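Written below as structure tokens is the structure these notes are about.
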Amino acid sequence: MCGASFAGGTFFDDGGQPLCETHYHERRGSLCHECRQPISGRCVTAIGRKFHPEHFRCSYCNRQLTKGTFKEVDRRPFCHKCYDNTYALT
0 MCGASFAGGT FFDDGGQPLC ETHYHERRGS LCHECRQPIS GRCVTAIGRK FHPEHFRCSY
60 CNRQLTKGTF KEVDRRPFCH KCYDNTYALT
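So the sequence shown is numbered by numbering that gives the first Met the number 0: it starts at 0 and just counts up by one.
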């Protein structure tokens, strides 16, 4: 798919087709939405996307968020403080 060399002997099998790690995870939907790197450990699934926990952050202040502690606007996560300051009705 990308022409990556498997010189080290490591590749991922997808239905008989050898793939590099990135393309394997891309096909499986297990790339972090933020950094585009494979997720092999803990994962946050929110707003229809997957993230490494450390990459799931407020779109305004960049504070790390934990699942269930955010607000969403246009598929972007916000901490409660930034959401209230930006979008709350006055």
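Glycine residues also receive a C-beta, built at the ideal position from the N, C-alpha and C atoms. Quick caveat, the model's predicted, so the values are computed rather than measured.
Burial state of residue i (16 or more Cβ within 10 Å)
i, result
"Y23", "buried"
"C31", "buried"
"C81", "buried"
"C34", "exposed"
Rounded C-alpha distance that separates residue i from residue j
i, j, result
"D13", "R26", "9 Å"
"C28", "Y86", "According to the sequence provided, residue 28 is Gly. The question's Cys does not apply to it. Cα to Cα, the separation comes out at about 31 Å."
"Q16", "C42", "26 Å"
"L53", "Q63", "Note that residue 53 is Glu in the sequence shown, not Leu. Going by the C-alpha atoms only, they are around 6 Å apart."
"F77", "T9", "39 Å"
"S58", "R75", "6 Å"
Neighbourhood of residue i by C-beta distance below 6 Å, restricted to the same chain and skipping five residues each side
i, result
"E71", "I46"
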